[in-house]
Amino acid sequence: MSRRAFMKRYALPAGIGMAASYLALAPEDFPLSLKDSTGMRSRPRPEIFRLRDFRVPGPAGKPPVGIGRRGSTGEKLKKALDAIGGLPHYIHKGDIVLIKPNVAFDRSPLLGANSSPEILGELVKILYRDCGAAEVRVTDNPIESPADCFAKSGIREAAEKWGGRIYLPDGNAFKILNTPGARLIENWPFFSRPFLGVTKVIGLAPVKDHNLCMASMGLKNWYGLLGGDRSQFHQDIHEVISDLSIMIRPTLTVLDGTRVLMKSGPTGGDPSYVKDNDAVVAGLDQVAMDAWAFRNLLERKGPLPDYIARAGEKGGGSADYRGRTREVS
Amino acid sequence: MKFGISEERMRLLGLSNARRASQGVFLGLFVFLSWASWTSRLQGYPVSRFLEIDPLVSLSTALSTGYLYRFLGWSLLTVFLTLLFGRVFCGWVCPMGTLNHFIRWVYVKTGRRETIEKNRYSRHQLIKYFILGIFLVTASLGSLQTGLLDPLAFLSRAFGTVVAPAWDYFTAGIGGALRANPWHLDLFTFAPGTAGRIFTGSFWTGLLFLALLGANILRPRFFCRFLCPLGALLGILSRFSIFRISRDIKKCTDCDLCLTGCEGASDPQGKVRMSECVSCMNCLDDCRDGALMFSKPGPGSAPSLHRAGMTRRELLLSGITGLIAFPMLRNNGGINDENYSAELIRPPGSVEEYDFMKKCIKCGQCMDICPTNVLQPAALREGGFEALWTPVMKFNINHCQLKCTLCSEVCPTGAIRKISVTEKLGMGDFARKGPVVIGTAFIDRSRCLPWANQIPCVVCEEVCPTAPKAIQTRDEEARDVFSKIVTLNHPFIVPDLCIGCGICQARCPVSDRPAVYVTAVGENRSDKRRLLLKNRGTGS
């Protein structure tokens, strides 16, 4: 074999061999090195992200909490929103709006375990009609089978009737959310896919009794955006709910005070547990809204749930609602 | 050149191409229905029709139960078709046959001589009649096993528990990579909610499926020729068929070319075996002398063999094997009332266990349709070989959705009887009977956080869907492990209210061996498995 032929024949394997040797043996801090002497370089590193702040300051002279009474559901909702400055003040043309109802259970609306489909429908309608929203998304990570929950609760039908899009969870829809200041869920799997491109967020929560934390209202509603092993939360539930108050900063929160689950919550199961009431609450301060609803809709005397005070301490809002509400009837 | 159509044209319009088109349509339909079975896509498609026109399902359940459930009478369509045209179901309709046919066509190209030799009849083809005999005898005695090898049940199971989850896995991966899903293609590619469905033991179902497909390398249509009990049943019926491959003795030159594409190995070159011919029509194309026709045989046609060709001795052996097989299956224990497994938890609407064994064809439709993935194919530990691949509930995976009766909707044989939500919940006309109970929950106090570790929890109480709740709590003060006084909600079960839906077990944070768990006892499909005295006093 001639030298030329030899060189030609072995140049490529020699090159590959040298490159492979470099990649395999070069110390870790060398560029392109693949060496992993501790096994820690190859550990899985989940992508961690943060949510933006979706809040919009209310107009001057308007209180942070509005309560609408009397008339149809749509009228009550409109009164509540108008009390805080009207929906178009918060949502503008071209916004992608995500609504987070509570669709945790495979139950019909009359049982009061989920968010009201009537309010949801109205909300989707006026978001498109009055505010010119580009897209309205509706999403939740239910406790029971997602497809069934969205169907039986009437939420899917109400949303799609007015052009809203439903996002159901699946294994690939979650990413780790980092929440600075949260004690228990500083890094926790979060239902992130529906949030892509979203500019405004509205929480739509039922007001219901809860066996362990006394009441499930606006703050507790955000529980439904978390994945992972949520059943651990019961071990320190007040702390988790107060973490939720700073995990997401929604543009608005709406509480359904038309069907209040007075006992045997959060699931209910008997229409007699539900009290028909006459209020829709909309506002900017979830902590104040929860405190107000606990007193006025669930009609509880006694101390407020612990998580309300803790949410106040974390900066989620202020429990003192006196003088900060406006009621329109 | 009759009618002015060229010979080439005629060939294109010929029967073998019609057969190919038919195979494509029916395989496509089968795949579509399997895909549509998952809840979010269901939309009311009748997804079990293939199983309902399967005469083996009808015959064997008729033998075991004495009746024909719901739509099973429609299998007469297949019977009539066979009485007219022979095993056209195998050659033109059966999706399993089509898959076998297709695999051989794609992967095995041999010379003509070798192909002809592979397509000669083999006496081993009698094995399928032997298998059919065993299945029919055990069915008559009360243990339905046809579903192990019935091609439609087999393929439904393989698609539902192996192929569909694989498809979902990849499409969800695509969905995950694209993230935003800009084209609103959710239903087609993103399989919302299906990502991560698991089916216990699906490896073995998949392995058997792949092995049977792979066996086509040994012989064309290996499964159809040697193993298929439905093919055997239709083969027996074919002896009466009016139309068949008939060979004109005068034109035939005995060249054997008709064997080149003979799918059934049915000897068209000699006395055609009507029990083996799957009416694929390939021989019509391969004959260069125009000696073969698919028609009523005329006076110049070669004679045919009507019978499958089992000797009486062989038939007797098949029957005796069935007689021995039944006690082997039954006495193995697992489904018997005396020794039933705590894990043998049947979906709501299931008939009592001995009746269940007469009806379930292990097709897996219920598991494919289940929205929560709680329905799983049984392995050997739940009910032994007899109950292999029948549906059981695995509450570690998920729970039984309270107002869902989909599994009862799709069951082709009534092993899970069609029930309404009203009946399941024991409302309306069923108030006296009470709700369908599929098991009972128990609390393992040595693993329960409030009981064993003085840590608040009671997720089980929260998720319990009955009203009033079957899991309740009592506030009790206790000293925790740090000597702090804490108030705990200690959960307890009210067995009178528990329906065994398993959501407590599915959501228990002690997630490997849950501190609250459901076992089969107390199910009310059978009085023998009750836990509580009927109408017992409740202390008041």
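If you read the protein sequences in the order shown, they are chains A and B.
2 is the number of the first residue of the first sequence in this note's numbering; add one for each residue after it.
617 is the number of the first residue of the second sequence in this note's numbering; add one for each residue after it.
Where is the CB? At the ideal position from N, CA and C, for every residue including glycine.
| Proximal chain A residues relative to valine 1132 (chain B), where beta-carbon distance stays under 9 Å | Correct list: empty, because the minimum Cβ distance to chain A is about 11 Å.
| So which of A:Lys153, A:Pro207, A:Thr180 and A:Asp54 has the shortest CA-CA distance to isoleucine 120 (chain A)? | Closest option to isoleucine 120 (chain A), Cα to Cα, is A:Pro207.
| Proximity of glycine 1030 (chain B) and glycine 999 (chain B) at Cβ, strictly below 8 Å | It is not a contact, given that the beta carbons lie outside the stated cut-off.
| field | Assumed close pair serine 116 (chain A), isoleucine 156 (chain A) - CB separation to whole angstroms, cut-off 8 Å | value | The C-beta distance from serine 116 (chain A) to isoleucine 156 (chain A) rounds to 7 Å, short enough to meet the 8 Å contact threshold.
| Between phenylalanine 942 (chain B) and alanine 1122 (chain B), what straight-line distance do the alpha-carbon atoms span, to the nearest angstrom? | Answer to the nearest angstrom: the Cα atoms are 36 Å apart.
| Which of helix, strand or coil DSSP assigns to alanine 280 (chain A) | Strand at alanine 280 (chain A).
| task | Taking methionine 890 (chain B) and serine 934 (chain B) to be in contact with their CB atoms under 8 Å, please state how far apart those CB atoms are, rounded to whole angstroms. | result | In this structure methionine 890 (chain B) is not in contact with serine 934 (chain B), their Cβ atoms being roughly 20 Å apart against a cut-off of 8 Å.
| field | Minimum Cβ-Cβ distance from arginine 1123 (chain B) to chain A less than 8 Å | value | Interface residue, yes.
| task | Locate the alpha helix (DSSP H) running through histidine 235 (chain A), then write down its first and last residues. | result | No residue range can be given for histidine 235 (chain A), since it is assigned to no alpha helix (DSSP H) and is classified by DSSP as neither H nor E.
| Own chain residues within Cβ distance below 7 Å of leucine 35 (chain A), not counting five before or after | The answer, listed in chain order, is Leu24 and Ala25.
| task | Confirm, please, whether the CB-CB distance from histidine 717 (chain B) to glutamate 969 (chain B) is below 8 Å. | result | With contacts defined as CB atoms closer than 8 Å, glutamate 969 (chain B) and histidine 717 (chain B) fail to qualify as a contacting pair.
| said: Measuring only the C-alpha atoms, how far is isoleucine 961 (chain B) from aspartate 971 (chain B)? | reply: Straight-line Cα distance between these residues: approximately 15 Å.
| task | Tell me, please, whether the segment 244 to 262 of chain A touches the segment 31 to 51 of chain A by the rule of three or more beta-carbon pairs shorter than 8 Å. | result | As far as the Cβ criterion goes, the segment 244 to 262 of chain A does not touch the segment 31 to 51 of chain A, which means the pair count is below three.
| Residue environment, histidine 740 (chain B), which counts as buried when at least 16 other CB atoms sit within 10 Å | So histidine 740 (chain B) ends up on the exposed side.
| Between the Cα of aspartate 1096 (chain B) and the Cα atoms of B:Glu1078, B:Pro1072 and B:Glu1077, which residue gives the shortest distance? | Comparing Cα-Cα distances from aspartate 1096 (chain B) to each of B:Glu1078, B:Pro1072 and B:Glu1077, the minimum goes to B:Pro1072.
| query | Just how far apart, CA to CA, sit glycine 219 (chain A) and proline 272 (chain A)? | reply | If I take the Cα positions, the gap works out to 22 Å.
| task | Select from the segment 208 to 241 of chain A all residues with a C-beta closer than 7 Å to any C-beta belonging to chain C, and list them in chain order. | result | Of the protein chains in the structure, A and B, none is chain C.
| task | Grab the span of the beta strand (DSSP E) containing asparagine 179 (chain A) for me, first residue to last. | result | Its beta strand (DSSP E) spans residues 175 to 179.
| task | Could you tell me the distance, in whole angstroms, from the CA atom of phenylalanine 804 (chain B) to the CA atom of aspartate 984 (chain B)? | result | With a pLDDT of only 49 at phenylalanine 804 (chain B), under 50, the local geometry of the prediction cannot be trusted, and the value read off the model is given with reservation. For phenylalanine 804 (chain B) and aspartate 984 (chain B), the gap between their C-alpha atoms comes out near 17 Å.
| request: Examine chain A for any beta-carbon lying closer than 8 Å to the beta-carbon of proline 1072 (chain B), and answer yes or no. | output: Judged by the 8 Å Cβ criterion, proline 1072 (chain B) is in contact with chain A.
| query | Where does glutamine 992 (chain B) fall in DSSP's three states? | reply | Under the three-state reduction of DSSP output, glutamine 992 (chain B) falls in the strand class.
| field | Spatial neighbours of glycine 851 (chain B) in its chain, beta-carbon cut-off 6 Å, leaving aside the 5 residues before and after | value | If the five residues before and after glycine 851 (chain B) are omitted, its C-beta is found closer than 6 Å to the C-beta atoms of Ser891 and Ala924, all from its own chain and listed in chain order.
| message | Just to check my reading of the structure: glycine 317 (chain A) and valine 288 (chain A) have Cβ atoms closer than 8 Å, yes? What is that Cβ distance to the nearest angstrom? | response | Confirmed, Cβ separation roughly 5 Å.
| glycine 204 (chain A) - containing alpha helix (DSSP H), residue span | From DSSP, glycine 204 (chain A) is part of no alpha helix (DSSP H) but of the beta strand (DSSP E) over 201 to 211.
| request: May I ask you to check if the CB of aspartate 37 (chain A) is nearer than 7 Å to at least one heavy atom of the ligand HEM? | output: Because no ligand of any kind appears in the structure shown, any question about the ligand HEM cannot be addressed here.
| query | Given that a residue counts as buried once 16 or more other Cβ atoms are within 10 Å of its Cβ, and exposed if not, what is arginine 813 (chain B)? | reply | The residue in question, arginine 813 (chain B), is buried, as its Cβ has 16 or more Cβ neighbours within 10 Å.
| said: For a quick check, are the C-beta atoms of glycine 258 (chain A) and valine 275 (chain A) less than 8 Å apart? | reply: Their beta carbons are not under 8 Å apart, which means glycine 258 (chain A) does not touch valine 275 (chain A) by this criterion.
| request: Quick one: using the 10 Å Cβ neighbour count with 16 as the cut-off for buried, is tryptophan 1005 (chain B) buried or exposed? | output: With 16 or more other CB atoms across the displayed protein chains lying within 10 angstroms of its CB, tryptophan 1005 (chain B) is buried.
| query | What does threonine 1082 (chain B) reach in chain A if we use C-beta pairs closer than 8 Å? | reply | Residues of chain A passing the Cβ test: Gly270.
| task | Below 7 Å CB to CB, which residues in the same chain sit around lysine 264 (chain A) once its five sequence neighbours on both sides are set aside? | result | Counting only Cβ-Cβ distances below 7 Å, and skipping sequence neighbours, we find Asp210 and Tyr274.
| task | For serine 917 (chain B), name the three-state secondary structure that DSSP assigns. | result | In the structure shown, serine 917 (chain B) sits in a strand (DSSP, three-state: E or B).
| query | Would a check of beta-carbon distances place leucine 1041 (chain B) closer than 8 Å to chain A? | reply | Look at leucine 1041 (chain B): its C-beta is not under 8 Å from any C-beta on chain A.
| message | With a threshold of 8 Å between beta carbons, is glycine 164 (chain A) in contact with chain B? | response | So no, glycine 164 (chain A) is outside the interface.
| said: Bridge partners for asparagine 1105 (chain B) per DSSP, in chain order? | reply: DSSP lists B:Asp1091 as partners of asparagine 1105 (chain B).
| query | If you run the structure through DSSP and keep just helix, strand and coil, what is leucine 824 (chain B)? | reply | Reduced to three states, the DSSP call for leucine 824 (chain B) is helix.
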